[in-house]
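K.L.:
Let me begin by handing over the structure; questions about it come next.
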Amino acid sequence: MEPIEVQPMTTISTHSFGDASDSDDAFSIRIIENMKEEYGMFVWPCSVVLAEYVWQQRLRFAGVNVLELGAGTSLPGLVSARVGSHVTLSDSSDRPEVLSNVRRVCLLNGLECEIMGLTWGEWDEPVFNLEPNILLGADVLYDTQDFDNLFATVAFLLKKAPGSVFITTYHNRSGHHLIEYLMVKWSLKCTKLVDAFSFMPSHKASDLQGNIQLVEIMSCE
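Structure (structure tokens):
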């Protein structure tokens, strides 16, 4: 593998899953982060939490189709690929610098994933070809102006694949009442809601700030 060129203001962080001393399944994912770019180029706490959840649920992810929405640095999606999922990593079509970084991170980790521009609420042809069993989204419930388009996209994809699920992590800063309203609007239901601290290993939980929730959402139809 050719060395990855590290640009100015760029760092490579390492994220470990499992205990290498007593498990053959343990591995690490390296992420290229750019301190100069927008928020899509950082590994945020919600991403760490969702990635850990994927690792702990790895048998559930083996061999299934996974789509990460608003992937950014793509940590949860890369963990999914590492445990055997067929992964598509997506971020907004108008953020080519983020999509380019996703490609570099896949190369850095020796993982093969599909990469696509997907803007929530826009119905380009590639969206209609997607049939994920699991949708992932870390901190995608960030800007309330994006919520309706996000839920429209999630609802469309969940209805295409009966039994599919959207798993997302978010800070409690998010507008709960708006989220509940949009779930009703788009015929979605919450099937699981847990606090991140209930399943995060202590050495990772100590680095978390704020109250992070994980929710699983399915279609009512």
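The sequence shown lines up with residues 1 to 221 when you count with UniProt numbering.
Built from N, CA and C at the ideal position, the CB exists for glycine as well.
Between which two residues does the beta strand (DSSP E) harbouring LEU193 extend?
P.N.:
Start and end: 188-195.
K.L.:
Give me the Cα-Cα distance between SER206 and ASP22, rounded to the nearest whole angstrom.
P.N.:
Computed Cα separation, rounded: 22 Å.
K.L.:
Of the choices SER93, HIS176, ARG104, ARG60, whose alpha-carbon is the least far from that of LEU75?
P.N.:
With distances taken between Cα atoms, LEU75 lies closest to ARG104.
K.L.:
Based on DSSP bridge pairs, tell me the residues matched to ARG30.
P.N.:
Answer is THR14, bridged to ARG30.
K.L.:
Checking the sheet assignment: what are the DSSP bridge partners for THR88?
P.N.:
THR88 pairs with LEU67, GLU114.
K.L.:
Within 10 angstroms of its Cβ, does ASP139 collect 16 or more other Cβ (buried), or is it exposed?
P.N.:
Buried, because 16 or more other Cβ atoms sit within 10 Å of the Cβ of ASP139.
K.L.:
Are the region 48-63 and the region 207-214 in contact at 8 Å, needing three or more beta carbon pairs?
P.N.:
Touching, yes.
K.L.:
So, are the CB atoms of residue 226 and MET183 less than 8 Å apart?
P.N.:
A query on residue 226 cannot be resolved here, the shown segment of the chain reaching from 1 to 221 and no further.
K.L.:
Sorted by chain position, which residues of the same chain lie with C-beta nearer than 6 Å to CYS106's C-beta, five sequence neighbours on each side aside?
P.N.:
Answer for CYS106: CYS113, listed in chain order.
K.L.:
Three or more C-beta pairs under 8 Å: does that hold for the region 148-164 against the region 116-135?
P.N.:
Result yes; three or more Cβ-Cβ pairs closer than 8 Å.
K.L.:
Starting from TYR142, trace the beta strand (DSSP E) in both directions and tell me its first and last residue.
P.N.:
Per DSSP, TYR142 belongs to no beta strand (DSSP E) and is neither H nor E.
K.L.:
Which residues does DSSP list as the beta-bridge partners of VAL165?
P.N.:
BP columns for VAL165 point to ILE134.
K.L.:
Could you check what DSSP says for MET41 in three-state terms: helix, strand or coil?
P.N.:
MET41: helix per DSSP, three-state reduction.
K.L.:
Look at the Cβ atom of ILE167, then the Cβ atom of GLU216, and state whether they are nearer than 8 Å.
P.N.:
Cβ atoms of ILE167 and GLU216: closer than 8 Å.
K.L.:
Between PRO126 and GLU68, what straight-line distance do the alpha-carbon atoms span, to the nearest angstrom?
P.N.:
Their Cα atoms are separated by approximately 14 Å.
K.L.:
Who are GLU216's beta bridge partners in DSSP?
P.N.:
Answer is ILE167, LYS192.
K.L.:
Going by Cα to Cα distance, which pick from TRP186, PRO45, VAL194 is closest to MET218?
P.N.:
Cα-wise, what sits closest to MET218 is TRP186.
K.L.:
Does the separation of the CB atoms of SER80 and VAL98 fall below 8 Å?
P.N.:
Not a contact, by the Cβ cut-off of 8 Å.
K.L.:
How is ALA205 classed by DSSP in three states: helix, strand or coil?
P.N.:
Three-state DSSP puts ALA205 in a helix.
K.L.:
Are the beta-carbon atoms belonging to MET41 and ASN101 less than 8 Å from one another?
P.N.:
In contact: MET41 and ASN101 (Cβ atoms closer than 8 Å).
K.L.:
Using CA atoms only, rank isn't needed, just tell me which of LEU78, GLY117, SER85 is closest to ARG95.
P.N.:
Considering only alpha carbons, the answer is GLY117.
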